[in-house]
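Q: Using this note's numbering, read the sequence shown as starting at -12 and increasing by one per residue.
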Amino acid sequence: MTDPIRIAILGASGYTGAELVRLLHGHPNTDVVVLTADRRAGQPLAAVFPHLAHLHLPDLVAIEDVTDWSGVDLVFCALPHATTQAVIEALPERLRVVDLSADFRLEDTAVYAQWYGGPHKAPELQKTAVYGLTELARERVSRARLVANPGCYPTGPQLALMPLIEAGLIDVDDIIIDAKSGVSGAGRAPKEGALHTEVSEGIHAYSVASHRHAPEIEQGLSRAAGRPVLVNFTPHLVPMNRGILCTLYVRPCEGVKAADLLARLGERFAGEPFVKVLPPGTLPHTRHVRGSNLCLIGGVDDRLPGRAILVTVIDNLVKGASGQAIQNMNVMMGLPEAAGLDQAPLFP
């Protein structure tokens, strides 16, 4: 039996940090040895997340107090955006890193500065980062030292659209993405807009025509198309804890129907453990993936001639964050890709 991979989780007091701990508890090849949370330093994780109190874990510490990394093999960074670049740049080069923030997702540092309000703090390191949409970048992920874990909103649309664009089956200049997310996507820090009375019994669009995940989606679709692609992307906040549902409105090429699009996706993802394409006319619900690392894709022909509608669902905290991060870790470390991620969805 090989020695376990020794894991550090930076930013363990947030939702994605808690999901990393929960999922890694069931992983046969890992051992969590460092947990950081600056504002909670000195406390046990049980004080922050009582549902994890039964696990044997190290106490939380401040990042600056971790001076010896010799007992760590891989680092998950679950820190706020714009804080991760300097942290990762200071880590020993031998450490493998999966970054769950947005700090290394955008390959063009000028685009990053435009959307995140300041210059990139580690441009040379950005050149080495691999965008870790695992199913579409597995070989590059396996060789990477630093993997930029995709954002929650971009995951489903890219998995559904990139293979169709590569196959020339849809018009890349006519894509609309209508996305809806649970409140956990806003993070755990107190925010007025995430209060129960602000969110419950309603739904609203936000960051309309200005959401930071738009350029991330466009980066992937542009790579698939071999030329710049722009999309209409509008996110909405819905009163549920977990889940993202994206409705994708596309114009198939002449003579192509929704069944043809689904057939292509079925071929592309045949044998994949986490991406499942549903039969034509069957549409997924967010409750079908809750707590799992699955992405489900369904589709139908639109009643408008020459159009089709695809629907993707994921759990934003698992396939949209921590689950995909562990999937990438498995690929990076030469482990079975589904290790620690075989939980069936929780229903009801």
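Ideal Cβ placement from N, Cα and C applies to all residues, glycine included. Small disclaimer: the values here were computed from a predicted structure and weren't measured.
Once the 5 residues before and after Thr269 are set aside, which same chain residues still bring their CB inside 8 Å of it?
A: Excluding residues within five positions, the ones whose Cβ falls inside 8 Å are Gly285.
Q: Let me check understanding here. Comparing Cα to Cα, which of Asp288, Ala34, Thr96, Val20 lies closest to Pro202?
A: Comparing Cα positions, the closest option is Thr96.
Q: So what does DSSP say about Asn317, is it helix, strand or coil?
A: Asn317: helix per DSSP, three-state reduction.
Q: Classify Gly242: buried if its beta carbon has 16 or more other beta carbons within 10 angstroms, exposed otherwise.
A: With fewer than 16 Cβ atoms within 10 Å of its Cβ, Gly242 is classed as exposed.
Q: Is the region 116 to 133 touching the region 157 to 168 in the sense that three or more CB pairs, one from each, lie closer than 8 Å?
A: Not touching, per the Cβ criterion.
Q: For Cys282, which residues from the same chain have a beta carbon less than 8 Å from its beta carbon, with the 5 sequence-adjacent residues on both sides left out?
A: Within the same chain, Cys282 has close Cβ partners Thr142, Gly143, Leu146, Phe261, Val262, Lys263, Val276, Thr299, Val300, Ile301, Lys306.
Q: What residues in its chain sit with their C-beta under 8 Å from that of Pro15, if we drop five residues either side in the sequence?
A: The answer, listed in chain order, is Ala326, Gly327.
Q: Suppose only complete runs of 3+ residues qualify. What are the beta strand (DSSP E) ranges in the region 173 to 241, listed by chain order?
A: With a minimum length of 3 residues, the continuous beta strand (DSSP E) runs that stay inside the region 173 to 241 are 219 to 224, 231 to 239.
Q: Going along the chain, which unbroken runs of the alpha helix (DSSP H) with 4 or more residues stay wholly within the region 85 to 146?
A: As far as the region 85 to 146 is concerned, its whole alpha helix (DSSP H) runs of at least 4 residues are 96 to 103, 110 to 113, 121 to 130.
Q: Across the region 41 to 54 and the region 13 to 33, are there enough close Cβ pairs to call them in contact, namely three or more that are closer than 8 Å?
A: Touching, yes, given that three or more Cβ pairs across the two stretches are closer than 8 Å.
Q: Return the bridge partner residues of Arg290 from the DSSP annotation.
A: BP columns for Arg290 are empty, so no partner.
Q: How big is the Cα-Cα spacing for His12 and Leu42?
A: Distance between the alpha carbons of His12 and Leu42 is about 8 Å.
Q: In terms of residue numbering, what span does the alpha helix (DSSP H) encompassing Leu11 cover?
A: That run of the alpha helix (DSSP H) goes 2 to 12.
Q: Using DSSP with H/G/I as helix, E/B as strand and the rest coil, what is Ser57?
A: Reduced to three states, the DSSP call for Ser57 is coil.
Q: In whole angstroms, what separates the C-alpha of Phe334 from that of Arg229?
A: Cα to Cα, the separation comes out at about 13 Å.
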